Structures are given as C-alpha cells and as structure tokens.
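Asker: Here this note's numbering runs 16 ahead of the position in the sequence shown, where the first position is 1.
Every residue, glycine too, gets a C-beta built ideally from N, C-alpha and C.
These figures come from a predicted structure and were not determined experimentally.
Dumping the structure here so I can ask a few things about it.
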Amino acid sequence: MKLFGTPGSPYVRKVRLVLEEKRIAYEYVLTSAATREAMVVPLNPLGKIPVLLADDGRAVYDSPVIVEYLDGLVAEPRLIPHAFDARIEVRRWEALGDGIADATVLISHDYRKPEAKRESAEWYEKQRQKIRRGLAVMSKDLGGREFCFGASFTLADIAAGYALGYLNQALPELDWRKPYPTLNQLATRLAARDSFRKTLPAPAA
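In structure tokens form, the structure reads like this:
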C-alpha cells in the first residue's frame with residue numbers, strides 16, 4: 017500500500033493518522049509540484065493529494081474516501097461508528113476539521129504570493145471568521161469531555177487534532193488557545209499520542 021502526498025498537507029496528515037491508529041503498513045511516497053503530473057495524475061485525474069494506492073491496485077481519493085476505505089479495511093480499532101446517528105456525528109466533526117483546514121490552507125497559500133498580488137483584507141477576514149466559527153462549534157460540542165464524540169477515540173478526534181495542529185503550524189498568529197481552553201487541552205492530549213507524534217510535520221525552514 018502506498019500513500020502519495022506531501023508532509024505539509026493537512027489532508028495527507030489526516031490519512032497518515034488513520035493509518036497509524038489502525039496500524040496499517042504503508043509506503044509514504046513524497047510528491048511535489050514538479051512530480052505531481054507524473055506521479056499523481058495517473059492515479060487521480062484531478063491531480064490532488066492525498067492518493068492511496070491499495071494493495072489490490074485500486075487508487076482511492078480524496079481524504080474522506082480514503083479514511084472510510086481504511087476504516088473498513090481493518091476492523092479494529094473502529095474510528096467511524098457503524099450506528100447511523102453516531103456515524104453522522106463523527107463525519108460532521110470531520111467536516112468541521114476539513115473546513116477549518118480549508119480556510120487555513122487558503123490563507124497560508126495566499127501569504128506566499130507577492131504582497132501586491134494578495135487577496136484583500138476583507139477576504140482574509142472572511143477566512144478567519146470561518147475558522148473562528150468552526151472552532152466555536154468544536155468547543156461547544158466538545159464541552160468537558162475527553163473525546164470529541166462518545167467514550168473512545170474516533171475519527172472526530174483525528175479531525176479536530178489535525179485541524180488544530182495545522183492551524184498552529186500555518187497561522188501561529190491566530191490565537192485560539194485562550195478563547196477555547198478545552199480545545200487547547202484536547203490538542204495537548206492528542207499531541208501525546210504516538211500517531212500524532214509520528215506524523216508531526218517538521219517546522220518550516
């Protein structure tokens with residue numbers, strides 16, 4: 017099994033977290049803008065990462081589909097519940113995490129442009145508001161619980177953890193820890209897990 021991606025992608029990290037939690041052996045194939053046409057496009061016509069090349073030769077994309085595939089491939093530990101209502105709640109957490117990451121990616125990528133070509137201040141504030149609203153809902157739904165949903169670790173925790181981790185990495189100036197102390201505590205607990213330690217991206221040079 018091969019996972020194609022880049023260390024800086026939050027969506028790649030989400031998949032890697034699932035692989036580590038499920039203890040699934042895989043080869044991590046690093047891609048770049050220069051190699052994407054040759055390495056990724058033959059597997060995903062959209063040219064986007066992550067892409068998983070399964071042992072049976074099928075290519076699986078994008079991250080929510082890969083996560084569901086992996087959770088069904090290996091029974092334990094179960095990260096997405098079987099029960100309908102519980103499953104929807106966990107996937108809703110995933111949507112929140114992905115949405116926070118989406119807005120963070122947009123800001124982070126725009127930062128790399130020459131200042132004259134960057135988006136407007138209003139655009140930046142619109143993205144930050146998406147992040148803040150997502151964090152507010154996460155904080156409210158978490159409450160004082162140890163886990164994001166139910167009484168055990170699930171994809172909901174992975175979603176929150178990878179989104180918060182990427183927010184720290186890409187937008188350190190956006191202080192979310194003080195306004196949301198329970199999310200701060202959650203992030204600290206998750207950071208101590210083996211899966212999170214193993215997949216932590218190296219600091220940007």
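#1: Are the segment 170 to 184 and the segment 206 to 220 in contact at 8 angstroms, needing three or more beta carbon pairs?
#2: In chain order, what residues of the same chain have a beta carbon less than 7 angstroms from the beta carbon of R52, not counting five sequence neighbours either side?
#3: DSSP puts F20 in a beta bridge; with which residues?
#4: Does A221 come out as helix, strand or coil in the three-state DSSP assignment?
#5: Rounded to a whole number of angstroms, what is the C-alpha to C-alpha distance between A221 and P23?
#6: Is DSSP giving A75 helix, strand or coil here?
#7: Given this structure, state the Cα-to-Cα distance separating E43 from L183, to the nearest angstrom.
#8: Is it the case that the Cβ atoms of V67 and A75 are separated by a distance below 8 angstroms?
#9: Would the beta-carbon of Q145 fall within 8 angstroms of that of I123?
#10: With DSSP collapsed to three states, give me the class of P229.
#11: Taking C-beta to C-beta, are F165 and E92 nearer than 8 angstroms?
#12: I82 and S25 - do their beta-carbons sit closer together than 8 angstroms?
#13: With distance defined between alpha-carbon atoms, name the residue in L199, K194 and H125 nearest to R161.
#14: For a test of the three-state rule: what should DSSP assign to E162, helix, strand or coil?
Answerer: From the atom records:
#1: Flag = yes, the segment 170 to 184 and the segment 206 to 220 touch.
#2: Annotation for R52: G63 place their beta carbon closer than 7 angstroms to its own, counting only its chain and skipping 5 residues before and after.
#3: Beta-bridge annotation (DSSP): F20 is paired with V45 and V67.
#4: Residue placement at A221 cannot be trusted, given a pLDDT of 45 that sits under 50; the coordinates are not used to answer.
#5: Only weak support exists for where A221 lies, its pLDDT of 45 falling under 50; the coordinates are left without a value.
#6: Note: A75 maps to strand in three-state DSSP.
#7: Computed Cα separation, rounded: 26 angstroms.
#8: In this structure, A75 lies closer than 8 angstroms to V67 by Cβ.
#9: Their beta carbons are not under 8 angstroms apart, which means Q145 does not touch I123 by this criterion.
#10: Absent from the model: residue 229. The displayed extent of the chain is 17 to 221, so no value can be given.
#11: Using a Cβ distance threshold of 8 angstroms, F165 and E92 do not count as a contacting pair.
#12: Their beta carbons are not under 8 angstroms apart, which means S25 does not touch I82 by this criterion.
#13: When each option's Cα is compared against that of R161, the closest is L199.
#14: E162 falls in the coil class under three-state DSSP.
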